[in-house]
Amino acid sequence: MKKCGWGMGAEVGIGEMYGKPVLVFGCGNTLFGDDGFGPAVIEHLLEHYRLPEDVVAMDVGTGIRNILFDLLLFPSKPVCIFVVDAVCLPSRTAGEIFELEIDQIPALKVHDFSLHQFPSVNLLRELQESAGVKVRILAVQAGSIPEEVGPGMSSEVTAAVPAACTWLLEQIGGMQ
Numbered sequence: 043m044k045k046c047g048w049g050m051g052a053e054v055g056i057g058e059m060y061g062k063p064v065l066v067f068g069c070g071n072t073l074f075g076d077d078g079f080g081p082a083v084i085e086h087l088l089e090h091y092r093l094p095e096d097v098v099a100m101d102v103g104t105g106i107r108n109i110l111f112d113l114l115l116f117p118s119k120p121v122c123i124f125v126v127d128a129v130c131l132p133s134r135t136a137g138e139i140f141e142l143e144i145d146q147i148p149a150l151k152v153h154d155f156s157l158h159q160f161p162s163v164n165l166l167r168e169l170q171e172s173a174g175v176k177v178r179i180l181a182v183q184a185g186s187i188p189e190e191v192g193p194g195m196s197s198e199v200t201a202a203v204p205a206a207c208t209w210l211l212e213q214i215g216g217m218q
C-alpha cells in the first residue's frame with residue numbers, strides 16, 4: 043500500500059480516495075535521483091501538516107496512469123487534481139518549482155512511459171475538458187535523473203520539497 047492520507051496522514055486504501063474533491067498525486071521513482079520529488083513532497087506533506095478532511099494526498103510512484111483512467115470511469119469526479127513531479131527543461135534552474143499547463147508537459151515526459159509513467163496528456167486533458175476536473179501540475183526542475191538506479195535527490199531538489207508543500211497548501215486553502 044502506498045502512503046496516502048488526509049488529516050494526520052493515515053494509511054488508507056486507494057478505493058477510499060474516490061469521491062474526495064481534492065486529490066494530490068506525487069509522481070516519480072525514488073530510485074532515480076530527482077525523479078523522487080513527487081513522492082518526497084507527499085511524504086513531507088503528510089508528516090508535517092494536517093490536511094483538510096476532503097483532501098487526499100497520495101504517493102502514486104509510477105502508477106498514476108491507472109489511477110487517472112479509473113477516475114475517468116468513476117461516477118463521482120474530484121473538483122481538482124494536483125500532480126507533483128520532476129521535469130527537465132533547459133530554461134529552468136535545478137530546484138526551481140513552477141506550475142505547468144497540460145500542454146506544457148515536456149515531450150520527453152509525455153512519451154517516457156518506461157521510467158516515469160507520467161500520466162498521458164490525453165487522460166489529463168480528458169479529465170479537465172470532458173469531466174470538468176481542474177488539473178494543476180506542480181513541477182520541479184530536476185538537477186539529476188540518472189539513467190541507471192541511483193537513489194537520492196540533489197540538494198537543490200531536496201530543498202524545494204518544503205516550498206512545494208507550502209504552495210500546495212496555499213492552493214488548497216484558496217479552494218476552501
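Per my numbering: the sequence shown = residues 43 to 218.
From the three backbone atoms N, C-alpha and C, an ideal C-beta is built for every residue, glycine too.
Just so we're clear, the structure is a prediction, and the values are computed from it rather than from any experiment.
| Item | Value |
| --- | --- |
| Start-to-end residues for the alpha helix (DSSP H) that takes in I144 | Run containing I144: none; DSSP gives neither H nor E here. |
| Residue nearest to C130 in terms of C-alpha spacing, selected from P188, K119 and W209 | P188 |
| CA-to-CA distance, N71 to S197, given in whole angstroms | 17 angstroms |
| Coarse secondary structure for V201, derived from DSSP in three states | Reading off the sequence shown, one finds Ala at residue 201, where the question assumed Val. Reduced to three states, the DSSP call for A201 is helix. |
| Span separating the alpha-carbon of D96 from that of I123 | 12 angstroms |
| Simplified DSSP assignment, three categories, for I139 | strand |
| For M217, three-class secondary structure by DSSP | helix |
| Cβ pair G137, G185 closer than 9 angstroms | yes |
| Through-space distance from R178 to E143, alpha-carbon basis | 7 angstroms |
| Other residues of its chain near R134: CB distance less than 8 angstroms, five sequence neighbours each side excluded | F140 and Q183 |
| Cβ neighbours of W209 in the same chain (closer than 7 angstroms, five flanking residues each side left out) | I139 and L180 |
| Status (buried if at least 16 other CB within 10 Å, exposed otherwise) for V175 | buried |
| Any non-hydrogen atom of the ligand NAP within 8 angstroms of S196 CB | As presented, the structure is devoid of all ligands, the ligand NAP included, so that no description of it is given. |
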